[in-house]
Amino acid sequence: MTTFLVDGKAYTAKPDENLLQACLGAGLDLPYFCWHPALGSVGACRQCAVKQYANEADKTGQLVMACMTPIAEGARYSLADPEASSFRASVIEWLMVNHPHDCPVCEEGGECHLQDMTMMTGHAYRRYRFTKRTHRNQDLGPFIKHEMNRCIACYRCVRFYGDYAGGRDLDVFAAHDHVYFGRHADGTLESEFSGNLVEVCPTGVFTDKPFSARYARKWDMRGAPSICSHCGLGCNTTANERAGELRRIVNRYNGEVNGYFLCDRGRFGYGFVNAPDRIRTPLARGADGRQAPISRDDAIARFSALLRAGGRAVGIGSPRASLESNYALRALVGAENFFPGVGAGEDRLLRLVAEILGCGAVHVPSLREVERADAALVLGSDLPDAAPRAALALRQAVRGAGFAHAATVKIPQWQDAAVRTFAGGVRSPLFIATPTATRLDDVAQATLRAAPADIARLGFAIAAVIDPAAPAVANLSDNLVAHARVCAAALLAAERPLIVSGVETGDENVIRAAANIAAALRARGKSVSLMLNVPECNSLGLALMADGQAGFEAALGEPAALVIVLENDLYRRAARPAIEAALGSAHLVVLDHSEGPTSHRAELVLPAASFAESGGTLVSSEGRAQRFYQPIFAENDISEAWRWLRDAGRAADRTTCEGWSTEDDIVAALAGALPRFAAIPRAAPSEEFRITGRRIASEPHRFSGRTAMNAVRNVRELKPPVSADSPFSATMEGFHGKVPPALVPFFWAPSWNSVQSVNKFQAEIGGALEGGDPGVRLLEARAEAALPYYTGVPETFARREGMWFAVVLPRVFGDDEQSARAKPIRERMAPPALVLNGEDATLMGAVSGEVLECEIDGGRQSLALEIHPELPRGMAGIAGLSAKAHALPAWIRITKAERGAA
Amino acid sequence: MEKPLTALIQPDGKPLDVAGYERAGGYQALRKALTMAPEAITAEVKRSRLRGRGGGGFSTGRKWEAVPQGADAPRQRYLVVNADEMEPGSFKDRLLLEQTPHQMIESVIIGAFAIQAEIVYIFVRAEYVLAIDRLNRAVVEAEARGYLGANVLGSGFAVSVHVHASGGRYICGESSAMLTALEGRRPLPRARPPRSALSGLWGKPSVVNNVETMCNVPHIIERGADWFLGLSRCDDGGSKLYGFSGRVKRPGLWELPLGTPLNEILEEHAGGMQDGYECRAVLPGGASTAFVMSDSFDVAMDFTSVQKVGSSLGTGNIMALDHRRCPIGLLRNLEHFFAQESCGWCTPCRDGLPWVERILTAIEAGEGEPEDIETLSRHVTFLGPDFTFCDLAPGAMAPLGSGLKHFRAEFEQHISEKRCPWHDTAESWA
């Protein structure tokens, strides 16, 4: 540690920090704009000016920018120096020259870094008396609002969007005080990380457009720590509620997982919570065959009657439901009758993933560790579309070699512009093998475009190069041999090699190959990480719970008297005839939050809470169990699926859920019953957690309109709800201040009203939260665990006459069932498409945009043709058809559409 | 008095072609240089006390020395010539580029050899169309004669020269912004450290030198540092291209010994002031230098001496402020230029300069307020070195700061009388 002095007082910091970071870490309030812990320093805004003294005798000092100053042992600095503090106030005064001061109508107001910094410097009186420059704003699409007049030109937006996230359609234009941050022309921001601009921008230039439509001030919303439910990565979010409505999702810092950034699917995909097709009351099918609302008591009575009726009761779990609800269903029907609610193909893949990650032989990396990998291989996964936040982490990982290169000439890692200039094209090796191009290819050392079988063969071959004991690959093409050698050498040369694969190709051999590479590197003594991507927020949790039990399709072979479906639409999981046949004459009970074909078919539908009305635990692809909490207290019959199941079970005199009164009880029961989940009670403090005897306030202390808000419906002040499952109060009453990191309802600190207040919650600026990053890892590697090599190397992909091997090409917007119900996401969803290699298309006589008929899942799909030159010949990519993804990969026929009568 | 830089300028204004340049002794310095060790060239240049003629005045030899050499030093290396002459009132490099293109080419080959750079860029102001044309022609001729290419005069040294026309912003003349511009990016200056010698163009070791600076190099190599030191009238070596503009009888450009006194340049070379005009002050080296008042006109025009009278040598192209010109109007015009040319990167420059410009405009228009002088003074301090990211704003503040000091009465008169005292004169700026 380095000791430095600020205004005569000694502080310590890590030696590689800059002075701004060190000051913030020491708890000092030093204003800044252009610096961001994830983006580093560029010295543009000049806001963090301080005085630096050469030695004790030096009383004059030199003005330096703290963000550009490496701290030195024993060095002396002053924040209070009159010239430095007066200059800092001047910087604000300059920024305010053109700022419109429209705080009352600005959506950033109340959580604005510019407001905070203005107050911090003490600048209060406007001396500039001339006109302000104005800008024309742009329509940036469904996610982001643009108000350039508010811009203070900190350059953070373009540095995040371009430099950090690799986006190419946001830039800075013009010069001097006319600098303009936007697109070359109006249009939707392309990057799937555009939503982060809302938080990266220190003022209200980029604001959340869907939130704008149902806007509330930060201080007027309840906050709940939540977990994103739109892919398997488990990014931490804060869900904000007002008046019973989910208003927005913002990033919740977790140093090991998502850090400062979310993807747009996670940020803007919550609309299903407020949607009109929500199931809000129990529904029962009447004599007329129609579903009609019934009371909660009736629903419990009917459900318990079905349970009592005897016969085999089958429970179909859900990869998007909490561990608690899945476990409650499993307990109700018995482990032998509990089946994961995923299609047969996905089920095989997920069981394989659970087997590999669960065996304890390889380290499963956090996203932070992904960022630190010094060589990475992506086998089969289109990460930007399937797991965007992981792609963003890999994009940072490739900078590692550049940081090391810059360090050779003593350019510190945080000096961002200098590192980028000096490092140039020096990147840590990243190899990507996928069927077609991905948006991460621009930072890859090499890419391979191949069919899943050949991707698997490459993987097996790499493993065999690394460790000759691994199964060899016969008849490998020269091209694959060359790729395998290069990849193997780079992975072997690395200190922290990373293998990334997942379920995206639909081919188990790809995952097996990835496991073999990890095992081979381990055999060579490397500390390797293996990340296997899974599609949904609790895919891995469900797979671990199912513990080898096959998917529901197999289960339905035997006739059942009662089928209970938890938070799932089976029609997305298997072919319709199979489902119809399997459900047969069984009674069907569906617990879900949104309507769909499965709920429409049910005899009894129970309104399950979404993530916004319930608490629960999810297991991410890292094997990290994380708790989410409810921002909404539902006024109707909506309740956690596990509560419905418990109550029905009790009414049916089942003893399995005896003693479950809170979520903690069921968590304890699960932890006790399945050793794999033994650690989950440690994911977050229990419901009984109190600070000085008080619950944690979930609303800011300035919360307004509590009585007026609902007066339109009821003038009485109702007793506020109380959470049975969490230590939060539902109101502004309760403890405000330092709380355990898993229980931060909103980042807010004195003088720091914006999201930048996260500085005050971190043990180290940009590092772990004070008290440790939330969540508990269930899958720690053990030295004694072994992962034997998988054998069964597949044959080379061979084209078939008149047939195409169709695979799913993931799309960030639309593939996820829940977010696809959100309006802004729907606006970003492109129509479904068939993707072919140009030569194949030419041979068919088809042109781009032409509608072709594909036989998928026993039906015909008309899909517009897209040409991807990189897609291997003989393959077809199916994009945007997530409801049919269960039928892929498969060999399909493609025909030209019949011309309609002209 | 020897005038090595301009000796080969032809009366007809047409530059010597390669044959003519050779006949006049051209490329002999290069031949000599190729027989020397690169570090010996650098040492000779350092000993000659050649200082940067672009305005910085940094020792050229020391700049070259900073480039890492040796077998394990990073490659490639770049030599970049700053020919982006956009400083208001300066036109010296243009003369050399247009009239002695081969001198420029010979200079950069020697410079590149000294620092062992493989590639040279000459970054020329976009409006210097004739210069660009003549340089390009000279490059082709030099290549044909084997002065450029994979094996310069059979020495084994390889170098190529590229003439690059600027996109046209003043900030491109800032040496680090010039490198960023050459990389095809927005021309933002770079923070130092790291120095360009370590991480310059595309992150590789690079040296950026001014045109006039470089053109001295062949002469130093050919005739030695001692001869070069003898050319000047001060401690630093060489001759200097001095210019004079404003209401002088013979505005122009002359090669004179470094350290020639200001009044000598004004009276003997520029012919003194036009009848009816008195010179109150000058900007000695372009718009980014502070006023030198008439009582200091005996100052020797060298780096050290001009600093002693509170200004800097800058480009050595002098602008006269006569008594019929409103100094505030002059300053307003200068600050308009700087405000417009700010790259928009750092706050004080981007948002401070337009404020300064508007205050000066208001004062000129009779709308000044007493607090304006305090506001301007605050800008002079807070747009100074260390406060801003690069030297553009400090340069912009040099004339304003000295103007506020020397023309305080005029400022106050404008504000109290709510008019420009020069307003009704024929040469009003309003």
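Going line by line, the protein sequences match chains A and B. Letter by letter, the first sequence follows residues 149 to 1050 of the numbering used here. Letter by letter, the second sequence follows residues 497 to 926 of the numbering used here. Using N, Cα and C, we set each Cβ at its ideal position, and we do this for glycine too. Computed from a predicted model, the values in this text were never measured in an experiment.
| Query | Result |
| --- | --- |
| Partner residues on chain A for B/S838, Cβ-Cβ distance less than 8 Å | A323, H324, D325 |
| Cβ of A/A1049 within 7 Å of any chain B Cβ | The predicted position of A/A1049 is uncertain, since its pLDDT is 41 and thus under 50; a value taken from the coordinates is nonetheless stated next. Cβ-Cβ to chain B under 7 Å: no for A/A1049. |
| Closest Cα partner of A/P536 within the set A/P1037, A/G343, A/R426, A/E389 | A/G343 |
| Assigned exposure category for A/G156 - 16 Cβ within 10 Å defines buried | exposed |
| Beta-carbon separation (whole angstroms), A/A789 vs A/A756, contact threshold 8 Å | 4 Å |
| Closest by C-alpha distance to A/R660, when choosing among A/E643, A/L692, A/R605, A/D177 | A/R605 |
| Secondary structure, alpha helix (DSSP H): runs of 4+ residues fully inside the stretch 365-438 of chain A | 412-416 |
| Neighbouring residues, chain A, relative to B/S695 (Cβ below 9 Å) | A554, V557, I559, A566, T569, F570 |
| Integer Cβ distance of B/G548 from B/N706, believed to fall under 8 Å | 6 Å |
| C-beta neighbour in chain A for B/T556, strict 7 Å | no |
| C-beta neighbour in chain A for B/C886, strict 7 Å | no |
| Whole-angstrom distance between A/F291 and B/R854, CA atom to CA atom | 38 Å |
| Chain A residues whose Cβ lies nearer than 7 Å to that of B/C775 | In chain order: nothing, as chain A lies at least about 32 Å away. |
| Backbone CA spacing between B/L827 and B/L817 [nearest angstrom] | 11 Å |
| Beta-carbon proximity of B/L856 to B/E837, cut-off 7 Å | no |
| At least three beta-carbon pairs within less than 8 Å, the stretch 438-458 of chain A to the stretch 704-722 of chain A | yes |
| Contact belief for A/T355 with A/V348 at Cβ below 8 Å, rounded distance in angstroms | With a Cβ gap of about 12 Å, A/T355 and A/V348 do not count as contacting. |
| Proximity to A/L227 [Cα-Cα], best of A/N203, A/L153, A/V253 | A/L153 |
| Touching by the beta-carbon criterion (3+ pairs, under 8 Å), the stretch 898-913 of chain B and the stretch 787-801 of chain B | yes |
| Closer than 7 Å to chain B by CB, A/W562 | no |
| Whole-angstrom distance between A/E165 and B/V778, CA atom to CA atom | 47 Å |
| Residue span of the beta strand (DSSP E) that contains A/D446, given as start and end | Here A/D446 belongs to no beta strand (DSSP E); instead the alpha helix (DSSP H) covers 444-456. |
| Test: A/G191 CB closer than 7 Å to a CB of chain B | yes |
| Straight-line gap, A/D813 to A/R516 (C-alpha atoms, nearest Å) | 32 Å |
| Simplified DSSP assignment, three categories, for A/T990 | helix |
| CA-to-CA distance, B/M497 to A/G330, given in whole angstroms | 58 Å |
| Touching by the beta-carbon criterion (3+ pairs, under 8 Å), the stretch 599-617 of chain B and the stretch 516-523 of chain B | yes |
| Beta-carbon spacing of A/F570, A/I559 below 7 Å | yes |
| Straight-line Cα distance separating A/L178 from A/C171 | 7 Å |
| Any chain B beta carbon closer than 7 Å to A/Y159 | no |
| Alpha-carbon to alpha-carbon, A/R413 and A/Q966 | 10 Å |
| Straight-line Cα distance separating A/P683 from A/C376 | 12 Å |
| Stretch pair the stretch 733-747 of chain B + the stretch 558-574 of chain B: three plus CB contacts closer than 8 Å | no |
| B/E602, enclosing beta strand (DSSP E) - first and last residue | Not the beta strand (DSSP E): B/E602 falls in the alpha helix (DSSP H), residues 597-611. |
| Own chain, CB closer than 7 Å to A/A981, minus 5 neighbours either side, in chain order | L1011, A1012, E1014, A1027, G1028 |
| Buried versus exposed, by CB contacts within 10 Å (16 or more), A/G1048 | The predicted position of A/G1048 is uncertain, since its pLDDT is 49 and thus under 50; no value can be drawn from it. |
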